[in-house]
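Asks: First residue of the sequence shown: 1, per UniProt numbering; consecutive thereafter.
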Amino acid sequence: MNTINRDTSSRARQPAKRGKPKHNRGALERILDMPFDIQFEIFGTLTPMDLLSVGRSSRDLHDFMKGPGSKCVWAQSRANHFPEMPECPEGMSEPAYAELFFGQGCLGCGKKNMASSQIYHIWEARTRLCSRCIRNTWINTESKEYRRGLPMSIRSILPSCNLMDPSGAPYVGECYVPRSMYQTLSEQYKSLKSPAQQDEWVEAIQQERLAIKEQFDDVQDFYVEYQEMLMEEEEEAENQAILERKAQVLELIKSLGWGEDLEKMTVDFFEMERDISLLCESPLKDHDLEMLKPRINTIMRARREARLLAERQYVAQRAQILLACYKDALKDYPSSAPRTHICDISAIPRIQAILLDSSTSQSPDDVRRRFFLTADTLRDTVVEAHNLLKSKLLSLVSAALPDKTFDPETVLNLATTVFRTVLPINMARYLFSNTMGVINWPVAYTPVIPGRVHSANDPTMIAATVFGAVPWNYHNVVCFDREAHDHLCRILRLCGFNPDITTGRQMREVNAVLECLSCRPHFVGRCLMPWKLAVSHAMRMHAQSNVEFILIDDAALAQEVRQWYQEMSEMSEARKARSSGDSGNAMQT
């Protein structure tokens, strides 16, 4: 309202400007006064999208573009700019064909494509509608109206649209056919008196629909190619824009005095490229470049340090010394005593300080003495590494449960303390894992994963080439699973336990059996499972809806369920063992 008033008062103060937009529109409309051959030449240079825009600019141009005289204009535009595009389907006007193919938005309500209402091309129906209009104006194939008007032989060949969810999966029971077409055909069918007339009519309609389908199959195929072409052009334009922004940032780096460092980073160019790509994800103006200077200085200082570390390969040499000390200590170390991976020992602050010490004057023997890792000290060192790992776990718990209080001495033993990894399970080894898809007590070692190595000059990664692994969760691939935690809290309460104090061992001893009531309408029989499987069931099968479990009190039934799952687990383990054995034989061969 305020904007309208402001524009009105502005025009009142400056009446001379009122005629300018009208004058421009008049100039465009004067094309209609020109000879047709000149009109043809002018409009023929425009794309079909341009012609659609011209037709929306004024009523006269709209009437011209929609009129029969413009047919050759549309055809010429299509031939000039999209020579491989199929001809206009029979029974459809050129403007309607262009609007259906190149237009945007719903032809029913005019709304654009959005998450809440997707746009669908229903080519055989010669329309483009949003999901809301389809639901409101078309017939659902599950309805009585759909079943009672026409024989199945006709219903099955009508244009149809199956609505999809945002992920692209079809909604169940959300298939529709055009109501107007259905009603017209239904009236024609009912008007026929004899079975012979009906059979003849059905055959004619089938042939007609088949011909239309063949026409629009070609149109649909070309539309897919056209959309792919648009995506490629957009991607190419974006890549070109990113390259130009990268060139801007490189010039800025040199202007800040980092030119020599930039030249020496040829080995680490792609790592540098990654940082530039992050900076160049959005357009860069002069103000943006000015704001980037502190960030660039930070990046370049970090890269300089990384280069210096790479030049001093003593890190790898000291890692070799530490590994040798560890192996020597293990020779006289009790086999039953606790152990850990050497990479987790290297993460202990006092060990890490020696490993990364920049002084080069110390001999290997001096470094060995500083590590002080022997059979007598190894037990305490392992405990120190385990305590460091536990502190990392507690940090993950604290970050995920800011609204809860817990005892750090016992929280890791709770049945509700679970973690997850963002990597496939075959890319990380865990000492304690289960079929829930979540991890209890991930006392584990994240392996060196090439795709997630942040820099070949990272001191930790240099040491990892010696140790064969990096310290636990160095790449931050393990996190506390809050969603699974909340499910477990509800499950434990259902089983009569306090989730704040119940341990995983207690729950494994009880091994309660649950039934999913939410699955009853969808499955034959009862969906029964041990408590530890209820989490993955809820997260996978009911991710988009609420889930309801009940506790099975029938002891005999519960034991039968446990026994069945135990047998399935043993069979699965046996298959894995056989598969592993076959793999080993193949490798030996």
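Note that CB positions come from ideal geometry on N, CA and C, so glycine has one too.
Using 8 Å as the threshold, is the C-beta distance between Leu163 and Val177 below it?
Replies: Along the sequence shown, one-based indexing puts residue 163 at 163. Along the sequence shown, one-based indexing puts residue 177 at 177. Taking 8 Å as the Cβ cut-off, Leu163 and Val177 do not qualify as a contacting pair.
Asks: Closest to Asp286 by C-alpha separation, out of Arg520, Gln76, Arg245, Glu235, would be which residue?
Replies: The residue you call residue 286 lines up with position 286 of the sequence shown. That would be Arg245, whose Cα lies nearest to the Cα of Asp286.
Asks: Among Asp328, Trp472, Val466, which has the Cα closest to the Cα of Tyr314?
Replies: Counting from 1 along the sequence shown, the entry for residue 314 is found at position 314. It is Val466.
Asks: Where does Pro68 sit, in a helix, a strand or coil, going by DSSP?
Replies: Taking the sequence shown and counting its residues from 1, one reaches residue 68 at position 68. Helix.
Asks: Since Asn387 is in the alpha helix (DSSP H), which residue starts that stretch and which ends it?
Replies: Against the sequence shown, residue 387 aligns to sequence position 387. 378-400 is the span of the alpha helix (DSSP H), which, as asked, contains Asn387.
Asks: In terms of alpha-carbon separation, which member of Glu90, Gly504, His81, Val202 lies closest to Phe102?
Replies: What you label residue 102 is simply residue 102 of the sequence shown in a count that begins at 1. Among Glu90, Gly504, His81, Val202, the Cα nearest to that of Phe102 is on His81.
Asks: Assuming contact is defined by CB atoms lying nearer than 8 Å, are Pro95 and Met49 in contact in what I supplied?
Replies: Mapped onto the sequence shown, residue 95 falls at position 95. Mapped onto the sequence shown, residue 49 falls at position 49. Contact flag unset, no.
Asks: Thinking just about the alpha-carbon of each residue, which of Ala464, Lys112, Met85 is nearest to the one in His475?
Replies: Position 475 of the sequence shown, counting from 1, holds the residue named residue 475. Comparing Cα-Cα distances from His475 to each of Ala464, Lys112, Met85, the minimum goes to Ala464.
Asks: What did DSSP end up calling Glu281 once you bin it into helix, strand or coil?
Replies: For this step, residue 281 is matched to residue 281 along the sequence shown. In this structure, Glu281 counts as coil in the three-state DSSP scheme.
Asks: Helix, strand or coil for Ser117 per DSSP?
Replies: Your numbering for residue 117 matches position 117 in the sequence shown. DSSP places Ser117 in strand when its eight states are reduced to three.
Asks: May I ask you to list the residues that DSSP assigns as paired with Pro530?
Replies: Indexing the sequence shown from 1 puts residue 530 at position 530. According to DSSP, which records beta bridges pairwise, Pro530 is partnered with Val513.
Asks: Kindly give me the distance between the Cβ atoms of Ile491 and Ala534, rounded to whole angstroms, as I take these residues to be in contact under 8 Å.
Replies: For the purposes of this step, residue 491 is identified with residue 491 of the sequence shown, where counting begins at 1. For the purposes of this step, residue 534 is identified with residue 534 of the sequence shown, where counting begins at 1. Indeed they touch by this definition, with Cβ atoms about 5 Å apart.
Asks: Can you tell me whether Ile501 is helix, strand or coil according to DSSP?
Replies: In the sequence shown, residue 501 corresponds to position 501, counting from 1. If DSSP states are grouped into helix, strand and coil, Ile501 belongs with coil.
Asks: Counting C-beta neighbours from all protein chains within 10 Å, is the total for Ala329 16 or more, i.e. buried, or is it exposed?
Replies: As a working mapping, residue 329 is identified with position 329 in the sequence shown. It is buried - the Cβ of Ala329 has at least 16 other Cβ atoms within 10 Å.
Asks: At which residues does the alpha helix (DSSP H) containing Trp201 begin and terminate?
Replies: Taking the sequence shown and counting its residues from 1, the one referred to as residue 201 is at position 201. First-last of the alpha helix (DSSP H) with Trp201: 195-253.
Asks: Shortest alpha-carbon distance to Glu124 belongs to which of Pro89, Pro151, Ile154, Ser131?
Replies: Along the sequence shown, read from residue 1 onward, the residue named residue 124 stands at position 124. With distances taken between Cα atoms, Glu124 lies closest to Pro89.
Asks: In this structure, does DSSP put Glu570 in helix, strand or coil?
Replies: The residue you call residue 570 lines up with position 570 of the sequence shown. Here Glu570 sits in helix by DSSP.
Asks: What does the alpha-carbon distance come out to for the pair residue 618 and Met539?
Replies: With the chain represented from 1 up to 589, any question about residue 618 goes unanswered, as that position is not in the structure.
Asks: Ser143 to Gln118, Cα distance in whole Å?
Replies: Along the sequence shown, one-based indexing puts residue 143 at 143. Along the sequence shown, one-based indexing puts residue 118 at 118. So the alpha carbons of these two residues sit roughly 22 Å apart.
Asks: So what does DSSP say about Val535, is it helix, strand or coil?
Replies: Mapped onto the sequence shown, residue 535 falls at position 535. Helix.
Asks: Let's test the definition: count the other Cβ atoms within 10 Å of the Cβ of Asp344 and tell me whether it reaches 16, buried, or not, exposed.
Replies: As a first step, residue 344 is located in the sequence shown; it is residue number 344 there, counting from the start. With 16 or more Cβ atoms within 10 Å of its Cβ, Asp344 is classed as buried.
Asks: Run through DSSP, which three-state label would Thr421 get?
Replies: Taking the sequence shown and counting its residues from 1, the one referred to as residue 421 is at position 421. Of the three classes helix, strand and coil, the one that applies to Thr421 here is strand, per DSSP.
Asks: Name the DSSP beta bridge partners of Trp138, please?
Replies: Working through the sequence shown from its first residue, we reach residue 138 at position 138. According to DSSP, which records beta bridges pairwise, Trp138 is partnered with Pro178.
Asks: Between the Cα of residue 608 and the Cα atoms of Glu238, Thr416, Pro338, Glu84, which residue gives the shortest distance?
Replies: Absent from the structure is residue 608, since the part of the chain shown begins at 1 and ends at 589.
Asks: Compare the C-alpha of Ala353 against each of Ala319, Lys327, Cys325 and name the closest.
Replies: If you number the sequence shown from 1, residue 353 lands on position 353. Taking only the C-alpha atoms, the option nearest Ala353 is Ala319.
Asks: At a threshold of 7 Å, does Arg126 count as lining the ligand HEM (C-beta to nearest heavy atom)?
Replies: Questions concerning the ligand HEM fall outside what the structure shown contains, since it holds no ligand whatsoever.
Asks: Rounded to a whole number of angstroms, what is the C-alpha to C-alpha distance between Ser167 and Arg179?
Replies: Position 167 of the sequence shown, counting from 1, holds the residue named residue 167. Position 179 of the sequence shown, counting from 1, holds the residue named residue 179. C-alpha separation (whole angstroms): 27 Å.
Asks: Does any residue of chain B bring its CB to less than 8 Å from the CB of Ala574?
Replies: Reference to chain B is not applicable here, since this structure consists of a single protein chain.
Asks: Classify His487: buried if its beta carbon has 16 or more other beta carbons within 10 angstroms, exposed otherwise.
Replies: By 1-based counting over the sequence shown, the position of residue 487 is 487. Under this definition His487 is a buried residue.
Asks: Check Asn473 in the structure and name its three-state DSSP category.
Replies: In the sequence shown, the residue the question calls residue 473 occupies position 473. Looking at Asn473 - three-state DSSP - the assignment turns out to be coil, as it is neither helix nor strand.
Asks: Are the region 127-143 and the region 224-236 touching, with three or more C-beta to C-beta distances below 8 Å?
Replies: No, the region 127-143 is not in contact with the region 224-236.
Asks: My assumption, with CB atoms under 8 Å, is that Tyr120 sits in contact with Cys175. Please give the rounded CB distance.
Replies: Along the sequence shown, read from residue 1 onward, the residue named residue 120 stands at position 120. Along the sequence shown, read from residue 1 onward, the residue named residue 175 stands at position 175. Contact flag wrong, Cβ pair sits at about 12 Å.
Asks: If you draw a straight line from the alpha carbon of Glu573 to that of Leu100, how long is it in whole angstroms?
Replies: Here residue 573 refers to the residue found at position 573 when the sequence shown is read from its first residue. Here residue 100 refers to the residue found at position 100 when the sequence shown is read from its first residue. Cα to Cα, Glu573 sits roughly 56 Å from Leu100.
Asks: Could you tell me the distance, in whole angstroms, from the CA atom of Val477 to the CA atom of Pro402?
Replies: For this step, residue 477 is matched to residue 477 along the sequence shown. For this step, residue 402 is matched to residue 402 along the sequence shown. Taking the straight line joining both Cα atoms gives about 20 Å.
Asks: Round the Cβ separation of Thr503 and Leu414 to the nearest angstrom and send it over; I've been treating them as touching at under 8 Å.
Replies: Residue mapping note: residue 503 aligns to position 503 of the sequence shown, counting from 1. Residue mapping note: residue 414 aligns to position 414 of the sequence shown, counting from 1. Their Cβ separation, rounded to whole angstroms, is 6 Å, which keeps Thr503 and Leu414 in contact under 8 Å.
Asks: Going by DSSP in three states, Met461 sits in which element: helix, strand or coil?
Replies: Here residue 461 is taken as the residue at index 461 of the sequence shown, counted from 1. Reduced to three states, the DSSP call for Met461 is helix.
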